[in-house]
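Numbers 8 to 352, taken from the numbering used here, label the letters of the sequence shown in order. A virtual CB, placed ideally from N, CA and C, is assigned to each residue, including glycine. Notes follow the structure.
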Amino acid sequence: MQKTSSRLLALLSLLQTHRDWSGDDLAERLDITPRTVRRDIDRLRELGYPVRAFKGPTGGYRLDAGSQLPPLLFDDDQAVALALALQSATGNSTIGEDAARALATVRQVMPPRLRRRMDMLQLTAVEPPDTGTRTGTRTGTRTGTPLLMEVSRVIHAREELRFDYEHGYGREYGGHGHGYEHDVTLPAVQPRRTQPHHLVTWRGHWYLVAWDLDRADWRTFRVDRMRPRTPTGPRFTPRDLPAHDVTAFVTGRFRGTDGSTVDWPCRGEVLLDLPAESVAPFAQDGTVEALGPDRCRLSLGSWSWTGLAAAVGRFDADFHVIGPPQLADAFAELAARYTRAAGPA
8 MQKTSSRLLA LLSLLQTHRD WSGDDLAERL DITPRTVRRD IDRLRELGYP VRAFKGPTGG
68 YRLDAGSQLP PLLFDDDQAV ALALALQSAT GNSTIGEDAA RALATVRQVM PPRLRRRMDM
128 LQLTAVEPPD TGTRTGTRTG TRTGTPLLME VSRVIHAREE LRFDYEHGYG REYGGHGHGY
188 EHDVTLPAVQ PRRTQPHHLV TWRGHWYLVA WDLDRADWRT FRVDRMRPRT PTGPRFTPRD
248 LPAHDVTAFV TGRFRGTDGS TVDWPCRGEV LLDLPAESVA PFAQDGTVEA LGPDRCRLSL
308 GSWSWTGLAA AVGRFDADFH VIGPPQLADA FAELAARYTR AAGPA
């Protein structure tokens, strides 16, 4: 017979799998009697775990959400995964402080063997420096958990969200499905009326995916640049995204499309005078085909032809353009631009 403490932990672990358990099933899994199961369930309830009984041929139990947070049970791998996730989030400008406090709490109650595992897996999430210097613009703004919770609440309630939005560098992302609107200079702060749909993370930032009522188009907004207004607007019926899911939509938007596809709007091929094994680690989502010991074929995508040409140039090797013609034209434009920048010979 297991000790009572270890038996309670085993029982709690089963109940946390988010399914209904009959008393007989629990008794069989734990190798105890149904009477002992009932007694252990009562002990868990005394500890604050909201275990609900339901009727049936043999009766059963379910772990429900409660009004208080009782002690949580994690196995070793879950505890390490949780600590690593919190550690990676400590550098996030939005939830970093809360993650650091949560990590300190988790680490404090870890047994020594798990702390040693954590010490061998130390990591730091580093965010790119914010180089914005425009007058009147706050850079590196930190947005705490309360704002994320409020935006999430409005999304769940399907209420229109109004907010003042601070644009980065006076440009707006996501207009007309063509990346940045380079021909439009926007005021530093603009009022927006939206139907909020999704809250997502992308490269260390939180973004709101919403239907912009004034522009009649989908937009992505940096949450740390939002200043919500109250009260919220009326309820709305959610509309479908252009893509099959929010991941595909956001990926497509940040690749310069309208969000209906994750493909890059510009894609080309070149022959590089480099071995494939030297190119592959830096090709990101491109494809590399070995053509010999010192040559390979590289297929790569980008949000613009100029950006694609610049990406190929960073390999610092001779190459030949296979196509399309727009890529060759971009190389010619860059060559002329670099020649002008170099000045007189």
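Span of the alpha helix (DSSP H) holding residue i?
{"i": "D171", "result": "Careful: D171 lies outside any alpha helix (DSSP H), inside the beta strand (DSSP E) at 168–173."}
{"i": "A34", "result": "30–37"}
{"i": "F322", "result": "F322 -> no alpha helix (DSSP H), and no H or E assigned at all."}
{"i": "F256", "result": "253–261"}
{"i": "V113", "result": "103–115"}
Where do the N-terminal and C-terminal ends of the beta strand (DSSP E) with residue i fall, by residue?
{"i": "P249", "result": "Here P249 belongs to no beta strand (DSSP E), and DSSP marks it neither H nor E."}
{"i": "P203", "result": "196–209"}
{"i": "W225", "result": "224–229"}
{"i": "P235", "result": "233–235"}
{"i": "L54", "result": "Note, L54: premise wrong, no beta strand (DSSP E); not H, not E."}
{"i": "L70", "result": "67–70"}
{"i": "L220", "result": "First-last for L220: undefined, no H or E at that position."}
Between residue i and residue j, which are expected to be in contact by the criterion C-beta below 8 Å, what is the C-beta distance as a whole number of angstroms?
{"i": "R52", "j": "V58", "result": "6 Å"}
{"i": "S311", "j": "R274", "result": "At roughly 11 Å, the Cβ-Cβ gap does not stay under 8 Å, so S311 and R274 are not in contact."}
{"i": "V257", "j": "W209", "result": "6 Å"}
{"i": "R260", "j": "T313", "result": "19 Å between Cβ atoms; not a contact."}
{"i": "F170", "j": "R234", "result": "6 Å"}
{"i": "Q197", "j": "Y172", "result": "5 Å"}
{"i": "L19", "j": "Y56", "result": "7 Å"}
{"i": "H327", "j": "V277", "result": "6 Å"}
{"i": "P41", "j": "D27", "result": "Not confirmed; about 16 Å, so no contact."}
{"i": "I162", "j": "L220", "result": "About 15 Å separates the two Cβ atoms, so there is no contact after all."}
{"i": "T263", "j": "P249", "result": "According to the sequence shown, residue 263 is Gly rather than Thr. About 14 Å separates the two Cβ atoms, so there is no contact after all."}
{"i": "T112", "j": "E167", "result": "About 37 Å; that fails the 8 Å criterion."}
{"i": "G293", "j": "G308", "result": "7 Å"}
{"i": "R69", "j": "I39", "result": "R69 to I39, Cβ: 19 Å. No contact."}
Is DSSP giving residue i helix, strand or coil here?
{"i": "I162", "result": "helix"}
{"i": "S306", "result": "strand"}
{"i": "L298", "result": "strand"}
{"i": "L334", "result": "helix"}
{"i": "G182", "result": "At G182 the pLDDT is 45, less than 50, meaning the model places this residue with poor confidence; the figure from the coordinates comes in the next sentence. Of the three classes helix, strand and coil, the one that applies to G182 here is helix, per DSSP."}
{"i": "Y214", "result": "strand"}
{"i": "A290", "result": "coil"}
{"i": "P241", "result": "coil"}
{"i": "T148", "result": "Only weak support exists for where T148 lies, its pLDDT of 43 falling under 50; the value from the coordinates is given anyway. Here T148 sits in coil by DSSP."}
{"i": "P351", "result": "coil"}
{"i": "I329", "result": "strand"}
{"i": "R26", "result": "coil"}
{"i": "M8", "result": "Below a pLDDT of 50, predicted positions are generally treated as unreliable, and M8, at 43, falls in that range; the measurement from the model is reported next regardless. Correct three-state label for M8: coil."}
{"i": "L279", "result": "strand"}
{"i": "T138", "result": "The predicted model places T138 with a pLDDT of 39, which falls under 50 and marks its position as unreliable, so this point remains unresolved."}
Does any C-beta atom of chain D lie closer than 8 Å to the C-beta of residue i?
{"i": "A335", "result": "Looking at the structure shown, chain D is missing, and only one protein chain is on hand."}
message: Contact between the stretch 200–208 and the stretch 241–251 is defined here as three or more beta-carbon pairs at a separation below 8 Å; is this criterion met?
response: Yes, the stretch 200–208 touches the stretch 241–251.
The stretch 33–48 contacting the stretch 87–95, beta-carbon criterion three pairs below 8 Å: No, they do not touch.
field: Cβ pair count under 8 Å reaching 3, the stretch 335–342 against the stretch 285–301
entry: Contact check between the stretch 335–342 and the stretch 285–301: fewer than three CB pairs, one atom from each, fall below 8 Å, which does not count as touching.
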